[in-house]
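Just so you know, the sequences run in chain order A and B.
No gaps in the numbering here: position 99 of the first sequence is 1200 in the working numbering, and each next residue is one more.
No gaps in the numbering here: position 279 of the second sequence is 1380 in the working numbering, and each next residue is one more.
Quick reminder that beta carbons are idealized off the backbone N, C-alpha and C, glycines included.
The model shown is predicted, which means the values in this text are computed figures rather than measured ones.
Protein chains: 2
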Amino acid sequence: MSLVDKMQPATGSPAFEATASALRARVKSQLPASLMLPATLLTGIPAPLNVTTIPGSCGLLTPAELAITALDATALCEKMAARELSAVEVVSAFGKRAAIAHQVTACLTDFFLDEGIARAKELDEYLEREGKVIGPLHGLPISIKDHIPIKGHWGSGGFLSNTEISKDDCDMTRILRELGAVFYVKTNQPQTIMHLESQSCYGRTLNPHNTDLTPGGSSGGEAALIAMKGSPMGIGTDGGGSIRAPCAHCGLYGIRPTCKTMPMDGYLNSQDGADGVLPSTGPMCSSARDMRLLLSAILSARPASLDPSLYPVRLILPDLRSGFGRKLRVGLMMHDGVVFPHPPMLRALMLAKEKLATSDAVELMDYVPYEHDQGYSIARELYYEDGGKTLRRMLADGEENILPLSEWVISPPYVKDHDATAIWELHARRERFRRAYSDHWRSQGCDVVLCPPFPGVAARHDTSTYWGYTAIWNLVDYPGVVFPTGLTAEPSIDIAMEDSVVSISDADAYNRSLYEPTAFAGAPVSLQVIARRFEDGLVLAAQELIESILKG
Amino acid sequence: MSLVDKMQPATGSPAFEATASALRARVKSQLPASLMLPATLLTGIPAPLNVTTIPGSCGLLTPAELAITALDATALCEKMAARELSAVEVVSAFGKRAAIAHQVTACLTDFFLDEGIARAKELDEYLEREGKVIGPLHGLPISIKDHIPIKGHWGSGGFLSNTEISKDDCDMTRILRELGAVFYVKTNQPQTIMHLESQSCYGRTLNPHNTDLTPGGSSGGEAALIAMKGSPMGIGTDGGGSIRAPCAHCGLYGIRPTCKTMPMDGYLNSQDGADGVLPSTGPMCSSARDMRLLLSAILSARPASLDPSLYPVRLILPDLRSGFGRKLRVGLMMHDGVVFPHPPMLRALMLAKEKLATSDAVELMDYVPYEHDQGYSIARELYYEDGGKTLRRMLADGEENILPLSEWVISPPYVKDHDATAIWELHARRERFRRAYSDHWRSQGCDVVLCPPFPGVAARHDTSTYWGYTAIWNLVDYPGVVFPTGLTAEPSIDIAMEDSVVSISDADAYNRSLYEPTAFAGAPVSLQVIARRFEDGLVLAAQELIESILKG
């Protein structure tokens, strides 16, 4: 199968196909003709598996552009503030690389580099004139997930039928703009925005480390783009793992902040007012410090003064080395009692256990999960309180065929239509679960939990049905960070799972059936750190400490 | 009509009557025989209007007991900590006075002074032994609204059918106990807990200042009891005005804190999981400083570490005289554009306007309300998303007749049954309203709003259908404090409303029809101060400043 074949879009009626192909043609036409990759690369068989090297090898980027796009957001901001780089240089380099990334991963839904360059020019002039940056993100190119509106650009709530040009910025993009961010692309997400996969009418986004695998979802366009270094910073959303799974699958850093701390008023979706499990929004990037950069910058703009639904919080990172009064207590959760991880993930967990157990900087303990199967069932029921009626209506309105993973998210027995009293009962069940989970966590005595973000590395396309490792934390609203361990799946080490082991659940049996050592070659192995609700500063500090021990 | 006639309870089938009369007889039997008031007082016609003087004149309390019960909670705590008063003396005095209060106002649903005295004895011994208080509320008698569980005592979710003996304390009562509080009574609330009136199977609670009037609801038992000085501090709840209306009607201080800052997990109700408009819980008391005492004490126990649904906050009071950087901007809202206040309330507003306009300490401005009629409609629709089905079922389960105000709260057109998508649409409408309200408030430029808590003083029984002056702030979740202006309704000054004025709404026409100068004689006139969400410290500080100006 060629790259183009792998990127197959969602399908529908002839009317759907006409509109959808026009949307794809529009993106293609937005890319500069000078940046087109050879057709042989895109349609040749077999397709390359690892495409992360293509921007460096294709000859379309200058050494200076390659050097710029190798920097993280923090370094870029520092160099622009110091006038070592101009904003125009920076967005031009990332824009070019994004155009290349899109051709091999189908990661974009809108490309408007001219506008980015124009804004960068204004910022360069501002810095020249005023002698200071306009804000902490001065000149930083930021890629934006499709359903987050940018004035004058395409966006959608997960269906062709709600694809539109946004009339206004939302709070998030308005704030980012004021902080100095430069917009130039929007990125792909799946039909429904509720898959750990990213296939829409714009195409199916591929994992740059292994194009047979998904980059995850729903912020999969972001993850593929950032892993291709076509963006130094992306804004994603996470209602069940949609920041963490793609970052984990693509070897990136990402945080799902506690809900209602970051601005997301105005984001497009199809179930406005559904509040069973709230989504959150946050950064996806290539270094731990970049997560802090973005969160600090946004919170410094006091979004709660604008959006009355937000909690006014500040980001305070405890000093875990000396200022914490005692060692950080890290609870290690090897598995969630529902689905046993694949060998590459287990290898990373075993390595972490060994490193943390012998570190003087933390106290390692086992973390026993609390009823994650029940939690995942409650979350699934909450996602579609109408039994999926609205989802089907949105598809019908656009004459769009339902994708297998969309069918899956609204499948019984968890998902069913609820009347008012059934919704109250469900929300009461959620509240009891949250309280029980909190009591359980306190009884365990750990500060943070280290665990898999997914029962394996990036999945093969259309197989991601178990989100329990991320969605459980959405349900209880605990902030979570994922980070790359530096390990990748290696067929020679990560051999087949034992057939003789009895599966612990149907989901476990399915997950076991998916494992095949050669299938995941080269996929990054990532881990997840969780802290309790509102402990976003702690989870960031703990992730950094844990990573330093793992990689020390 | 005699006092006993005025206290008529909710009614029902013979089975209901048997159970309800047993509940009332239980309370009566709990009162010490030595504290019984003469039958002539209770059954004589006409009933006294103002019964606040009865504890002082009945001869059942000693001068020492009268002196103790004249103190506010802060003074009591200080005197107990200094060992000038013992906890046993204090709860004994309030307990006796509560027994008297109940006979003339039907304010109690449970009376257990023996248990209170036993706990007070332990606390006295603790102080003697340890040389320090057990907590900031050491020895303070606190009365508790019926639906807030205390282990081993009666409570209900607003219906006979969910009346029960609580197996455990809830978070709030557990925390209060640990802080040193002494429990001895529980207090009456209305059928459904959703009236600004307090009539249940235990009887109808009367306003001690004028027994023809309601003490308000739903925390009306608390308000009557505290106004009778049968308790120095009560815990109420407020989902539409249920702390503020009763405090306003009875001349007390009360705050509805921002939702999800105070512990209320475990409170009894009949719509568990309904989260369209969240209730809040807070103190009802006889001084402004007592509100701070109670909130500070509870927040010092870090309830958010126990209840994961809570937002961790601290109570920080700005210094508005010198540390605010500029004058406090007070927006005065004379009316809400829906219902015009009665003459006594207008008189208080005019006085406030005059005093504030000439004060150097604040900047007075007009506050223009934003669509309060729309907000009240949304709130009413949110209160009963099932169209009242559950309410009717709870009544049917106990064979309890529906009260007129219960019928009213579930009446169309606002209230109707919703399916899942209708609930989402309603919640989305709520979120848009909240955002629009916030934008509007910011455009007005004031820090706090001073406004009526109700379109008049305490209402005559069964007439309180317009909660717009309080419920609007529940809808947008802005903290609000009510306080007594020191004025009371005076028939000679507060003359009839002009007939020629055209009503501005049906609710206004009804409210006008209720006014009659003589009907409200002696009722306290109270005002309400509102600040934005999470500005609980500001609203407390502002109320104190405003009161000092009004009374200066």
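{"query": "Continuous alpha helix (DSSP H) stretch holding residue 1539 of chain B: start and end", "result": "1521-1545"}
{"query": "Any beta strand (DSSP E) of 3 or more consecutive residues that is wholly inside the stretch 1447-1513 of chain A", "result": "1463-1467"}
{"query": "CB of residue 1389 of chain B within 8 Å of CB of residue 1179 of chain B, strictly", "result": "no"}
{"query": "Test item: CB-CB of residue 1446 of chain A and residue 1585 of chain A under 8 Å", "result": "no"}
{"query": "Three-way DSSP call (helix, strand, coil) for residue 1348 of chain A in this model", "result": "helix"}
{"query": "CB contact below 8 Å: residue 1410 of chain B versus chain A", "result": "yes"}
{"query": "Minimum Cβ-Cβ distance from residue 1635 of chain B to chain A less than 8 Å", "result": "yes"}
{"query": "Proximity of residue 1428 of chain B and residue 1402 of chain B at Cβ, strictly below 8 Å", "result": "no"}
{"query": "Residue 1548 of chain B and residue 1358 of chain B closer than 8 Å at C-beta", "result": "no"}
{"query": "Touch test, the stretch 1349-1363 of chain A against the stretch 1485-1503 of chain B, Cβ-Cβ under 8 Å, three pairs minimum", "result": "no"}
{"query": "Run of the beta strand (DSSP E) containing residue 1255 of chain B, from where it starts to where it stops", "result": "1255-1257"}
{"query": "The stretch 1120-1138 of chain B touching the stretch 1167-1176 of chain B, judged by at least three CB pairs closer than 8 Å", "result": "no"}
{"query": "Residue 1337 of chain A to residue 1600 of chain A span [Cα, whole Å]", "result": "38 Å"}
{"query": "Whole-angstrom distance between residue 1395 of chain A and residue 1581 of chain A, CA atom to CA atom", "result": "15 Å"}
{"query": "Buried versus exposed call for residue 1199 of chain A [16 or more other C-beta atoms within 10 Å across all chains shown]", "result": "buried"}
{"query": "Residues, ordered as in the chain, of the stretch 1511-1531 of chain B that lie near chain A by beta-carbon distance below 9 Å", "result": "1518, 1519, 1520, 1521, 1522, 1523, 1524, 1525, 1526, 1527, 1528, 1529, 1530 and 1531"}
{"query": "Own chain, CB closer than 6 Å to residue 1321 of chain B, minus 5 neighbours either side, in chain order", "result": "1299, 1306 and 1347"}
{"query": "For residue 1334 of chain A, the first and last residue of its enclosing alpha helix (DSSP H)", "result": "Element bounds for residue 1334 of chain A: not the alpha helix (DSSP H) but the beta strand (DSSP E), 1334-1339."}
{"query": "Secondary structure of residue 1209 of chain B, DSSP reduced to three states", "result": "strand"}
{"query": "Short CB-CB distance (under 8 Å) between residue 1472 of chain B and chain A", "result": "no"}
{"query": "Min CB distance residue 1490 of chain B to chain A below 8 Å", "result": "yes"}
{"query": "Limits of the unbroken beta strand (DSSP E) element including residue 1169 of chain B", "result": "Element bounds for residue 1169 of chain B: not the beta strand (DSSP E) but the alpha helix (DSSP H), 1164-1169."}
{"query": "CB contact below 8 Å: residue 1614 of chain A versus chain B", "result": "no"}
{"query": "Distance, residue 1653 of chain A Cα to residue 1214 of chain A Cα", "result": "40 Å"}
{"query": "Interface partners of residue 1372 of chain A on chain B, CB under 8 Å", "result": "1525"}
{"query": "Straight-line gap, residue 1687 of chain B to residue 1225 of chain B (C-alpha atoms, nearest Å)", "result": "Limits of chain B in this structure are 1102 at one end and 1653 at the other, which puts residue 1687 of chain B out of reach."}
{"query": "CA-to-CA distance, residue 1503 of chain B to residue 1567 of chain B, given in whole angstroms", "result": "19 Å"}
{"query": "Close beta carbons around residue 1608 of chain A, own chain, < 7 Å, minus the five adjacent residues each side", "result": "1439, 1440 and 1567"}
{"query": "Residue 1588 of chain B - containing beta strand (DSSP E), residue span", "result": "1581-1589"}
{"query": "Partners in chain A for residue 1539 of chain B, counting only beta-carbon separations shorter than 7 Å", "result": "1409"}
{"query": "C-alpha distance - residue 1650 of chain B paired with residue 1460 of chain B, whole-angstrom precision", "result": "7 Å"}
{"query": "Contact between the stretch 1474-1488 of chain A and the stretch 1521-1533 of chain A (3+ Cβ pairs under 8 Å)", "result": "yes"}
{"query": "Residue environment, residue 1287 of chain A, which counts as buried when at least 16 other CB atoms sit within 10 Å", "result": "buried"}
{"query": "Continuous alpha helix (DSSP H) stretch holding residue 1273 of chain B: start and end", "result": "1272-1279"}
{"query": "Below-8 Å beta-carbon distance, residue 1577 of chain A vs any chain B residue", "result": "yes"}
{"query": "C-beta atoms of residue 1249 of chain B and residue 1274 of chain B nearer than 8 Å", "result": "yes"}
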